[in-house]
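Enquirer:
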Amino acid sequence: MERNALAQDLPLPQGEVLWWRGKGYRAVRLPAPEGTYLLLLEDTARLAQARAYQGLLRLLEKLLRGEPPEALLQSLLEEAVALVPGAEAGSVLLREGPFFYLVAQVGFSEKLLGARTTVEEEMAWYGLGVNNWLLGRPRVLKGAEIRQLSHLSTLEARPLFFTHGRLGEIQATLEVPIALQGEVLAVMNLDNFQDPEAFSPLSLELAQGLALEAALLLKTLEERKALEAQARTDPLTGLGNRRALEEAFPNLLREAQSRGEPLTLVYWDLNGLKRLNDRLGHAAGDQAIKAVAQALREAARRQDLVFRVGGDEFVSLHPGLPFPDAQALIARVKARLPHKVAAGAVEAQGEDLAHLLQEADQRMYLDKAKEGP
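If you're matching positions, the sequence shown starts at 14 in the working numbering and goes up one per residue.
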């Protein structure tokens with residue numbers, strides 16, 4: 014096989030497809046007596062769509078494996094830089110409340126990870142207005158435009174973006190909001206360091222398609238997180254349930270032991286709930302349960318956790334609280350309530366949760382006997 018003059022710098026395809034300088038070619042080999050003719054048919058758009066679909070399947074596989082959003086966005090960004098014509102580097106910023114945090118990068122320093130900007134700064138950097146922003150329409154900045162708008166980053170983030178984000182080198186940048194149902198969940202930037210005209214209409218089309226994939230992935234993760242939280246939450250009080258307690262306890266115990274601090278568990282019981290339900294109805298009983306939950310929340314420190322583990326039973330975990338101090342905590346909670354509660358405290362010494370609950374439950378019944386009905 015010989016190369017002709019028109020294909021002097023063109024690499025030979027190893028299979029049926031050749032990607033070269035941002036374009037995709039289908040390769041066809043035609044045997045002939047004098048050798049083999051190699052025909053290359055440019056089909057960038059179709060090949061890019063097929064490649065994007067394959068990338069989406071890989072992302073869905075990672076989603077099913079439970080990978081975190083940062084890892085999924087990193088994989089998607091790598092696909093985007095490899096797929097979108099003109100892209101040589103890129104970044105993704107994920108929205109959390111009033112800020113966007115840079116969580117994925119290709120072609121930059123890892124020191125850029127964690128840099129943040131505000132929602133207002135990102136919208137100003139985007140520059141096409143709120144409607145286009147919410148619709149997820151891509152936009153391109155070139156050369157001097159990039160330098161003019163680079164001052165919009167916060168004083169906190171600006172040194173990071175210039176030092177590690179190569180703002181002075183970028184000749185063209187394509188930004189696309191990752192938007193779904195009127196909400197921007199993240200933004201993706203694709204960058205070129207050589208050519209202000211690097212991004213074609215096909216580049217924008219592909220980037221917008223990848224952004225839609227990212228939005229669907231993030232929405233799926235958000236819904237999964239909400240379902241998981243619901244499965245660990247008591248619907249009446251909003252406290253964690255028994256399952257949440259069983260998941261949280263081993264982690265808190267390990268942390269307390271590593272710091273050489275105590276971990277105290279308190280078992281709480283609302284006295285006379287059945288009598289209250291029989292006399293005033295279940296609505297009154299529910300209000301009493303909510304009152305106990307609120308009192309426990311108000312008495313808890315920031316590091317403490319509170320759970321409802323039965324109809325009228327609660328458990329609280331108190332890292333760093335010595336066992337003798339638990340009695341003062343119990344007295345404060347009782348003083349806040351119009352209903353009687355009994356409580357039993359025990360300090361975790363490495364026992365399993367079931368053993369501790371049994372011991373604390375026994376101490377709670379001793380307290381109940383002292384308190385009376």
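No residue lacks a Cβ here, since even glycine has one placed at the ideal position from N, Cα and C.
Computed from a predicted model, the values in this text were never measured in an experiment.
When you compare each of 54, 51, 362 and 40 to residue 269 by their alpha carbons, which one comes out closest?
Expert: Considering only alpha carbons, the answer is 362.
Enquirer: Which of the three DSSP states, helix, strand or coil, is assigned to residue 347?
Expert: Here residue 347 sits in helix by DSSP.
Enquirer: Contact check, residue 153 vs residue 212 under 8 Å by CB: the rounded distance?
Expert: That pair is a contact at about 5 Å.
Enquirer: Closest to residue 97 by C-alpha separation, out of 184, 125 and 219, would be which residue?
Expert: Per the Cα distances, 219.
Enquirer: Measuring only the C-alpha atoms, how far is residue 357 from residue 243?
Expert: Roughly 28 Å separates the two Cα atoms.
Enquirer: Would you mind working out which of 229, 291, 376 and 348 sits nearest residue 307, comparing C-alpha positions?
Expert: Considering only alpha carbons, the answer is 348.
Enquirer: On the criterion of 16 or more Cβ atoms from any shown chain inside 10 Å, does residue 279 qualify as buried, or is it exposed?
Expert: Flag for residue 279 reads buried.
Enquirer: Grab me the residues of residue 258's own chain with a C-beta within less than 7 Å of its C-beta, minus the 5 sequence neighbours each way, in chain order.
Expert: Correct list, in chain order: 320, 322 and 328.
Enquirer: Does the Cβ of residue 373 lie closer than 7 Å to at least one heavy atom of the ligand HEM?
Expert: Looking at this structure, you won't find the ligand HEM or any other ligand, since it has none at all.
Enquirer: Could you tell me which residues DSSP puts in a beta bridge with residue 390?
Expert: Shown here, the chain extends from 14 to 386; a query on residue 390 therefore has no answer.
Enquirer: Starting from residue 263, trace the beta strand (DSSP E) both ways and give me its first and last residue.
Expert: Where residue 263 is concerned, there is no enclosing beta strand (DSSP E), although the alpha helix (DSSP H) it sits in stretches over 255 to 272.
Enquirer: Out of 334, 324, 273 and 82, which one is the CA nearest neighbour of residue 313?
Expert: Ranking 334, 324, 273 and 82 by Cα distance to residue 313 puts 334 first.
Enquirer: Starting from residue 205, follow the beta strand (DSSP E) in both directions and report where the run begins and ends.
Expert: Residue 205 -> beta strand (DSSP E) spans 196 to 205.
Enquirer: Would residue 182 be called buried (16 or more neighbouring beta carbons within 10 Å of its own) or exposed?
Expert: By the neighbour-count rule (16 or more Cβ atoms within 10 Å), residue 182 is not buried but exposed.
Enquirer: Compare the beta carbon distance of residue 360 and residue 275 with 8 Å and say whether it is the shorter of the two.
Expert: In this structure, residue 275 lies closer than 8 Å to residue 360 by Cβ.
Enquirer: In chain order, what residues of the same chain have a beta carbon less than 7 Å from the beta carbon of residue 14, not counting five sequence neighbours either side?
Expert: Bear in mind that the predicted position of residue 14 carries a pLDDT of just 48, short of 50, making it unreliable; the figure below should be weighed with that in mind. 48, 49 and 51.
Enquirer: Please report the residue range of the alpha helix (DSSP H) in which residue 298 lies.
Expert: Start and end: 295 to 312.
Enquirer: Residue 332 and residue 265 - do their beta-carbons sit closer together than 8 Å?
Expert: Yes, they are a contact pair.
Enquirer: Given that a residue counts as buried once 16 or more other Cβ atoms are within 10 Å of its Cβ, and exposed if not, what is residue 29?
Expert: Residue 29 comes out exposed.
Enquirer: Which term fits residue 375, buried or exposed, when burial requires 16 or more other beta carbons within 10 angstroms of its beta carbon?
Expert: Under this definition residue 375 is an exposed residue.
Enquirer: I need the straight-line Cα distance from residue 187 to residue 151, nearest angstrom please.
Expert: Roughly 7 Å between the two C-alpha positions.
Enquirer: Suppose you measure from the CA of residue 214 to the CA of residue 317; what does that come to, to the nearest Å?
Expert: Cα to Cα, the separation comes out at about 54 Å.
Enquirer: When you compare each of 224, 208 and 80 to residue 8 by their alpha carbons, which one comes out closest?
Expert: Past the boundaries of the shown model lies residue 8; the chain is included only from 14 to 386, so the question cannot be answered.
Enquirer: Once the 5 residues before and after residue 245 are set aside, which same chain residues still bring their CB inside 8 Å of it?
Expert: If we look at residue 245 and ignore the five residues flanking it on each side, its Cβ neighbours are 253, 254, 256, 257 and 260.
Enquirer: Would you check if the region 288 to 295 and the region 364 to 381 touch, i.e. whether three or more CB-CB distances between them fall below 8 Å?
Expert: At 8 Å Cβ cutoff, the stretches do not touch.
Enquirer: What are the residues that DSSP puts in a beta bridge with residue 282?
Expert: In the DSSP output, where bridge partners are listed per residue, residue 282 has 326 and 355.
Enquirer: With residue 218 as the anchor, note down where its alpha helix (DSSP H) starts and where it stops.
Expert: Run containing residue 218: 214 to 244, per the alpha helix (DSSP H) assignment.
Enquirer: Would residue 130 be called buried (16 or more neighbouring beta carbons within 10 Å of its own) or exposed?
Expert: Classification of residue 130: buried, given that the 10 Å Cβ count is 16 or more.
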